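Trainee: This is the structure, below, for whatever I ask next.
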Amino acid sequence: DASGALARCDTFLSNFPGHPLEPDVLAERVLCLLNLGKEEDALSTERRLRRKFPGSPSLPLVWKALGDFYKERGELMDAVRYYRSCLMKELKEDVALALAETYRSLGWYEEALRIYQGTTWEDSAASAQWGLAGCLEEMRDPRAAGEYARFRRRFPSDPRVGEAEEKESLLRARSPNLEGAVRALVEAESGSEEALAEAYLWLGRPEEAMRLLSKEVEDTTASDTALYLFARSASLSGLRREALSAYRRLISRYPESPYSEEASLFVLRDKLSHIPEGRGLYEAMLSGYSELLRRYPSGDSTDAIIFGIANAYRNLASYDSSKVARALSWMDRLWRYYPESSYADDAMFWAGELALKQGALSYADSALSELVRGHPESPFASRAYKLLGEIAGREDLAVRYWEEALAGLPEDEELGERLAELYISLGSPEKAVPVYRRLVRLRETPERLEALASSCLMASLKQEAVRWYGELVSKYPNLADSVRVAYSEVLTELGRKEEAVKVLRKAESPRALSLLADMLYELSRYKEALAIYDRLGTLGKEDLGRKIICLITLGREKEARRHMKAFHRRFGREWDDRFNLAFGREALDRGLYKAAREYLGKVKEGRYLPQARYYIALSYLKAKEMDKAIESFLSLVKMDPEASIMREAHMRLGTLYYLTSQYALAVDSYRKALSEGVSGREAQEARFNLALSYERLGRYEEALSELEALERNSPESPLLKRVRIKRGIYMMKLRRYEEAIRHFEALLPNVDRGTQAELWFHIAGAYASLGRYEKAALAYLRISYLYPEQRLWAVTAEYEAAGVLGRMGRSKDARKLYEDILRRYGLQSEWGRAASERLKELNGGTYED
Numbered sequence: 036d037a038s039g040a041l042a043r044c045d046t047f048l049s050n051f052p053g054h055p056l057e058p059d060v061l062a063e064r065v066l067c068l069l070n071l072g073k074e075e076d077a078l079s080t081e082r083r084l085r086r087k088f089p090g091s092p093s094l095p096l097v098w099k100a101l102g103d104f105y106k107e108r109g110e111l112m113d114a115v116r117y118y119r120s121c122l123m124k125e126l127k128e129d130v131a132l133a134l135a136e137t138y139r140s141l142g143w144y145e146e147a148l149r150i151y152q153g154t155t156w157e158d159s160a161a162s163a164q165w166g167l168a169g170c171l172e173e174m175r176d177p178r179a180a181g182e183y184a185r186f187r188r189r190f191p192s193d194p195r196v197g198e199a200e201e202k203e204s205l206l207r208a209r210s211p212n213l214e215g216a217v218r219a220l221v222e223a224e225s226g227s228e229e230a231l232a233e234a235y236l237w238l239g240r241p242e243e244a245m246r247l248l249s250k251e252v253e254d255t256t257a258s259d260t261a262l263y264l265f266a267r268s269a270s271l272s273g274l275r276r277e278a279l280s281a282y283r284r285l286i287s288r289y290p291e292s293p294y295s296e297e298a299s300l301f302v303l304r305d306k307l308s309h310i311p312e313g314r315g316l317y318e319a320m321l322s323g324y325s326e327l328l329r330r331y332p333s334g335d336s337t338d339a340i341i342f343g344i345a346n347a348y349r350n351l352a353s354y355d356s357s358k359v360a361r362a363l364s365w366m367d368r369l370w371r372y373y374p375e376s377s378y379a380d381d382a383m384f385w386a387g388e389l390a391l392k393q394g395a396l397s398y399a400d401s402a403l404s405e406l407v408r409g410h411p412e413s414p415f416a417s418r419a420y421k422l423l424g425e426i427a428g429r430e431d432l433a434v435r436y437w438e439e440a441l442a443g444l445p446e447d448e449e450l451g452e453r454l455a456e457l458y459i460s461l462g463s464p465e466k467a468v469p470v471y472r473r474l475v476r477l478r479e480t481p482e483r484l485e486a487l488a489s490s491c492l493m494a495s496l497k498q499e500a501v502r503w504y505g506e507l508v509s510k511y512p513n514l515a516d517s518v519r520v521a522y523s524e525v526l527t528e529l530g531r532k533e534e535a536v537k538v539l540r541k542a543e544s545p546r547a548l549s550l551l552a553d554m555l556y557e558l559s560r561y562k563e564a565l566a567i568y569d570r571l572g573t574l575g576k577e578d579l580g581r582k583i584i585c586l587i588t589l590g591r592e593k594e595a596r597r598h599m600k601a602f603h604r605r606f607g608r609e610w611d612d613r614f615n616l617a618f619g620r621e622a623l624d625r626g627l628y629k630a631a632r633e634y635l636g637k638v639k640e641g642r643y644l645p646q647a648r649y650y651i652a653l654s655y656l657k658a659k660e661m662d663k664a665i666e667s668f669l670s671l672v673k674m675d676p677e678a679s680i681m682r683e684a685h686m687r688l689g690t691l692y693y694l695t696s697q698y699a700l701a702v703d704s705y706r707k708a709l710s711e712g713v714s715g716r717e718a719q720e721a722r723f724n725l726a727l728s729y730e731r732l733g734r735y736e737e738a739l740s741e742l743e744a745l746e747r748n749s750p751e752s753p754l755l756k757r758v759r760i761k762r763g764i765y766m767m768k769l770r771r772y773e774e775a776i777r778h779f780e781a782l783l784p785n786v787d788r789g790t791q792a793e794l795w796f797h798i799a800g801a802y803a804s805l806g807r808y809e810k811a812a813l814a815y816l817r818i819s820y821l822y823p824e825q826r827l828w829a830v831t832a833e834y835e836a837a838g839v840l841g842r843m844g845r846s847k848d849a850r851k852l853y854e855d856i857l858r859r860y861g862l863q864s865e866w867g868r869a870a871s872e873r874l875k876e877l878n879g880g881t882y883e884d
């Protein structure tokens with residue numbers, strides 16, 4: 036109901052102005068108006084949409100609809116305009132086809148050809164090939180017949196194949212044959228109209244031949260040659276009734292004529308074309324073609340007659356299986372005794388298929404192999420490859436055949452699925468992926484989406500696998516839990532555990548719930564993990580062990596110990612180290628450092644000992660027992676633990692050395708942490724702390740280099756604000772004042788007011804270091820006047836400004852600033868005392884910086 040839909044659009048637009056869906060609703064409004072024939076309103080709405088939302092993805096849809104509207108009304112120039120606008124925004128095959136058809140209607144064939152030939156067609160390849168052939172036919176281009184032949188080869192299952200064959204035959208017959216025309220013209224010198232008519236036929240001008248012979252065939256005594264040439268001319272001109280009449284006269288008057296065989300064949304085919312599809316038709320075919328073979332046992336059309344008999348038996352075999360052998364016999368006779376026949380490739384294919392039905396695999400292989408070898412351009416070649424794959428006997432050979440078949444049968448879904456499954460079976464999932472992509476484009480089903488996602492996963496295309504699994508789960512939420520499990524596992528491999536947890540939330544199977552609980556456990560979401568473990572009922576060793584650790588971590592010691600007893604009875608004491616580790620960490624989190632060390636000290640030699648030693652060292656650090664912490668971390672490093680613990684140990688040692696003013700050792704520890712492969716936020720912190728350690732050692736070049744590397748490698752780091760300020764400070768330390776000023780000024784527009792105040796302070800300091808005191812004083816005072824709420828920076832800047840003014844000899848101005856500070860903050864404040872000291876120096880006439 037276009038009127039109702041239009042009313043709903045208008046209601047939405049009036050009630051929700053500025054809503055994110057406004058462009059979509061405007062587009063829907065255009066479609067409704069076009070449906071109602073309201074052209075002006077539709078154009079007005081399109082202009083509104085284009086003006087307000089020039090980047091809307093709905094615009095191409097609107098332009099396509101306008102193009103269709105004008106094309107249907109015959110206003111082709113307007114249709115072209117909108118179709119072209121649509122294609123400029125995004126290439127859509129249906130729009131490209133519509134534009135090409137419009138160009139053909141306008142007679143702009145070259146433009147149409149440019150689209151048909153210049154576009155990479157996928158979903159509309161058959162329509163594009165058909166359009167190309169039709170366009171060339173309308174242009175009377177001799178390439179048209181070849182394009183129709185190509186259509187038959189590429190798309191043998193398309194319903195237009197029969198029409199393509201007729202058009203190809205007709206076009207080839209109409210194509211000029213100069214050699215034949217010359218021979219006919221030589222004969223025509225005798226004055227024979229028949230010879231001249233034949234020349235016209237050779238030149239591809241059947242209408243001229245028909246006009247020339249029309250008077251002669253009106254005569255009841257017309258010769259068989261005249262009747263034959265007239266019938267051929269009429270047939271090529273599309274005048275079937277006239278051709279049929281002439282052929283019947285020829286058969287009646289000249290039964291012994293060499294043309295009567297072809298005439299009889301034409302008449303029989305016309306008769307059969309009026310019988311409905313079914314058994315009656317096939318019996319009529321058998322009777323008719325058998326009679327023709329009896330009358331014409333050898334002639335120019337014997338191969339066509341034999342093919343008609345064979346085809347009749349082939350179709351009758353679907354009603355009577357005993358006819359299969361007869362059909363096979365006739366097909367075999369045709370392709371063996373008439374190898375040059377235009378029906379030979381047809382006969383080979385059907386012979387191979389019929390042999391398969393009878394279980395004659397060797398014969399089928401021979402016939403089909405001969406077909407693809409001797410007739411590679413045949414429209415049956417692709418279908419032959421498909422059958423050869425079925426009888427190959429070896430998977431690798433079947434793959435080779437089916438690849439050839441699919442190239443010619445791109446829309447054969449069954450073949451595509453079988454080939455993709457075979458690729459998977461042979462361990463080549465990367466080859467299955469493009470096949471499944473095409474199948475999903477042809478017809479999307481949950482099974483195909485799952486197969487595509489699974490093959491992407493097997494081919495290590497994990498990001499694409501995530502995309503297809505995501506689409507599958509969103510479109511078909513009631514899938515088996517196995518799909519959700521596979522999806523969550525690939526998300527986990529990509530480090531997207533939080534998303535994996537969301538995927539598994541709707542699962543109910545024990546396998547999925549166990550996986551969900553494990554993920555929550557690994558994310559340290561122990562309370563949620565515990566709730567899932569409780570749903571699982573009887574737990575295995577891993578799940579029960581993790582449940583106990585959740586209870587320990589959540590401080591539920593009594594429950595944990597009760598479950599531990601059950602665990603010991605069922606599985607022994609294999610997990611005791613892990614339990615003690617969990618008890619130690621829980622005590623550490625509560626600040627019970629001695630108790631933590633007691634639990635952690637119970638961990639025996641093995642995979643969990645380095646972790647226990649790490650947390651023991653950490654307990655000393657948290658207790659501020661620095662020497663013991665350093666000693667413990669050094670002892671841990673000597674154990675050469677796994678990489679993750681080694682990285683953590685070096686990071687902690689770096690912090691300890693920095694806090695205890697052992698900056699050279701801090702540098703060494705942070706560099707080792709980076710060399711061990713510390714990543715993410717830890718890597719950023721390691722590099723930043725390394726720079727601070729270099730700063731303490733006065734090695735500013737190295738400090739600056741580390742910060743530049745941090746900014747280059749981690750452009751989204753939350754540390755960048757401090758990093759950029761520090762870089763400028765290090766430039767000043769290196770006496771690169773001009774560069775520092777430019778650096779600080781570039782940062783000003785993108786930071787908050789507090790940071791701006793700090794930046795101006797450093798800019799002022801750089802100017803002062805350059806001896807440009809006027810600029811330095813102005814920069815300091817800018818902070819005091821423009822950023823008064825940044826109290827610390829403001830008073831410090833005012834104090835520094837007074838010092839700069841003193842250096843410039845402006846003692847009066849300097850004194851005034853010091854007095855202002857003393858008045859505001861008082862003599863008891865740090866700033867007041869400092870200002871008072873400066874005032875004494877100024878009043879005594881002995882100013883010192």
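Using our numbering, the first residue of the sequence shown is number 36, and each one after it goes up by one. All C-beta atoms, glycine included, are put in the ideal place defined by N, C-alpha and C. Small disclaimer: the values here were computed from a predicted structure and weren't measured.
Count the other C-beta atoms from every protein chain shown that fall within 10 angstroms of the C-beta of H309, then say buried if there are 16 or more, exposed otherwise.
Mentor: One-based indexing of the sequence shown puts residue 309 at position 274. Exposed, by the Cβ-count rule.
Trainee: Sorted by chain position, which residues of the same chain lie with C-beta nearer than 6 Å to R483's C-beta, five sequence neighbours on each side aside?
Mentor: For this step, residue 483 is matched to residue 448 along the sequence shown. These residues qualify, in order along the chain: L474, V475.
Trainee: Helix or strand or just coil, what does DSSP make of A726?
Mentor: Here residue 726 refers to the residue found at position 691 of the sequence shown. DSSP places A726 in helix when its eight states are reduced to three.
Trainee: Taking only the alpha-carbon atoms, compute the straight-line gap between L141 and P241 and give it to the nearest angstrom.
Mentor: Residue mapping note: residue 141 aligns to position 106 of the sequence shown, counting from 1. Residue mapping note: residue 241 aligns to position 206 of the sequence shown, counting from 1. Taking the straight line joining both Cα atoms gives about 27 Å.
Trainee: For L548, which residues from the same chain have a beta carbon less than 7 Å from its beta carbon, with the 5 sequence-adjacent residues on both sides left out?
Mentor: Taking the first residue of the sequence shown as position 1, residue 548 is located at position 513. Hits under 7 Å: A542, I567, R570, L571.
Trainee: By a C-beta neighbour count over all protein chains shown, 10 Å radius and 16 as the cutoff for buried, is R330 buried or exposed?
Mentor: Within the sequence shown, residue 330 is the residue found at index 295, counting from 1. By the neighbour-count rule (16 or more Cβ atoms within 10 Å), R330 is not buried but exposed.
Trainee: Ends of the alpha helix (DSSP H) at A662?
Mentor: Counting from 1 along the sequence shown, the entry for residue 662 is found at position 627. First, the residue type needs correcting, since residue 662 is Asp and not Ala in the sequence shown. Counting along the chain, the alpha helix (DSSP H) containing D662 begins and ends at 661-673.
Trainee: Note the first and the last residue of the continuous alpha helix (DSSP H) segment covering H797.
Mentor: Walking along the sequence shown from the start, residue 797 turns up at place 762. Looking at the DSSP string, the run of the alpha helix (DSSP H) that includes H797 is 788-804.
Trainee: Is L69 helix, strand or coil when you go by DSSP?
Mentor: Working through the sequence shown from its first residue, we reach residue 69 at position 34. Note: L69 maps to helix in three-state DSSP.
Trainee: If you run the structure through DSSP and keep just helix, strand and coil, what is R620?
Mentor: Against the sequence shown, residue 620 aligns to sequence position 585. Looking at R620 - three-state DSSP - the assignment turns out to be helix.
Trainee: With DSSP run on the structure shown, which of helix, strand or coil describes E24?
Mentor: No information on residue 24 is available, as it lies outside the stretch 36 to 884 that the chain covers here.
Trainee: Between the Cα of R175 and the Cα atoms of K421, S364, R207, which residue gives the shortest distance?
Mentor: Position 140 of the sequence shown holds residue 175. Checked all of K421, S364, R207; the closest Cα to R175 is R207.
Trainee: Helix, strand or coil for V468? Go by DSSP, reduced to three states.
Mentor: Position 433 of the sequence shown, counting from 1, holds the residue named residue 468. Correct three-state label for V468: helix.
Trainee: Work out the CA separation of L821 and E780 for me, nearest whole Å.
Mentor: Here residue 780 corresponds to residue number 745 of the sequence shown, with the count starting at 1. Here residue 821 corresponds to residue number 786 of the sequence shown, with the count starting at 1. Taking the straight line joining both Cα atoms gives about 16 Å.
Trainee: Does DSSP put W610 in a helix, a strand or coil?
Mentor: Sequence index remark: in the sequence shown, residue 610 carries index 575 (1-based). Three-state result, W610: coil.
Trainee: Please determine if the stretch 163-177 and the stretch 381-392 are in contact, where contact requires at least 3 C-beta pairs separated by less than 8 Å.
Mentor: Result no; under three Cβ-Cβ pairs closer than 8 Å.
Trainee: Let me know the secondary structure DSSP gives R283 once reduced to three states.
Mentor: As a working mapping, residue 283 is identified with position 248 in the sequence shown. R283 falls in the helix class under three-state DSSP.
Trainee: Taking 6 Å as the limit between beta carbons, can you name the residues of its chain near S752, skipping five residues before and five after?
Mentor: As a position in the sequence shown, residue 752 is number 717, starting the count at 1. Within the same chain, S752 has close Cβ partners Q719.
Trainee: Please report the straight-line C-alpha distance between R648 and S667, rounded to a whole angstrom.
Mentor: If you number the sequence shown from 1, residue 648 lands on position 613. If you number the sequence shown from 1, residue 667 lands on position 632. R648 and S667: Cα-Cα distance of roughly 7 Å.
Trainee: For my contact list, A500 and L492 are in at a C-beta cut-off of 8 Å; report their separation, rounded to the angstrom.
Mentor: The count along the sequence shown starts at 1 and reaches residue 500 at position 465. The count along the sequence shown starts at 1 and reaches residue 492 at position 457. Between L492 and A500 the Cβ distance is about 4 Å, and since that is below 8 Å, they are a contact.
Trainee: By the three-class DSSP mapping on this structure, what secondary structure does L415 have?
Mentor: Position 380 of the sequence shown, counting from 1, holds the residue named residue 415. Inspection of the sequence shows that residue 415 is occupied by Phe rather than by Leu. In this structure, F415 counts as coil in the three-state DSSP scheme.
Trainee: Figure out for me which residue from Y808, D129, A360 has the closest Cα to the Cα of G844.
Mentor: The residue you call residue 844 lines up with position 809 of the sequence shown. Per the Cα distances, Y808.
Trainee: DSSP state of V359, grouped into three classes?
Mentor: Numbered from its first residue, the sequence shown carries residue 359 at position 324. In this structure, V359 counts as helix in the three-state DSSP scheme.
Trainee: Note down the Cα distance separating L122 from L134, rounded to an integer number of angstroms.
Mentor: The count along the sequence shown starts at 1 and reaches residue 122 at position 87. The count along the sequence shown starts at 1 and reaches residue 134 at position 99. Computed Cα separation, rounded: 9 Å.
Trainee: Rounding to the nearest angstrom, what Cα-Cα distance links R604 and N513 in this structure?
Mentor: Position 569 of the sequence shown, counted from the start, is the residue given in the question as residue 604. Position 478 of the sequence shown, counted from the start, is the residue given in the question as residue 513. Going by the C-alpha atoms only, they are around 40 Å apart.
Trainee: Taking the alpha carbon of R119 as the point to measure from, which residue in Y263, V130, E110 has its own alpha carbon closest?
Mentor: Here residue 119 refers to the residue found at position 84 of the sequence shown. When only C-alpha atoms are compared, the closest one is V130.
Trainee: What is the residue span of the alpha helix (DSSP H) that A17 lies within?
Mentor: Absent from the structure is residue 17, since the part of the chain shown begins at 36 and ends at 884.
Trainee: Which of the three DSSP states is assigned to N513 in this structure?
Mentor: Taking the first residue of the sequence shown as 1, we reach residue 513 at position 478. It is coil, neither helix nor strand.
Trainee: Which term fits F51, buried or exposed, when burial requires 16 or more other beta carbons within 10 angstroms of its beta carbon?
Mentor: As a working note, residue 51 is residue 16 in the sequence shown. With fewer than 16 Cβ atoms within 10 Å of its Cβ, F51 is classed as exposed.
Trainee: Taking the alpha carbon of A699 as the reference point, which residue from L84, R731, E717 has its own alpha carbon closest?
Mentor: As a first step, residue 699 must be located in the sequence shown, where it is residue number 664. Closest by alpha carbon: R731.
Trainee: Do you know whose CA, among V407, R349, R418, lies nearest F190's CA?
Mentor: The count along the sequence shown starts at 1 and reaches residue 190 at position 155. Cα-wise, what sits closest to F190 is R418.
Trainee: Tell me the rounded alpha-carbon separation between T260 and I286.
Mentor: As a working note, residue 260 is residue 225 in the sequence shown. As a working note, residue 286 is residue 251 in the sequence shown. One C-alpha to the other measures close to 12 Å.
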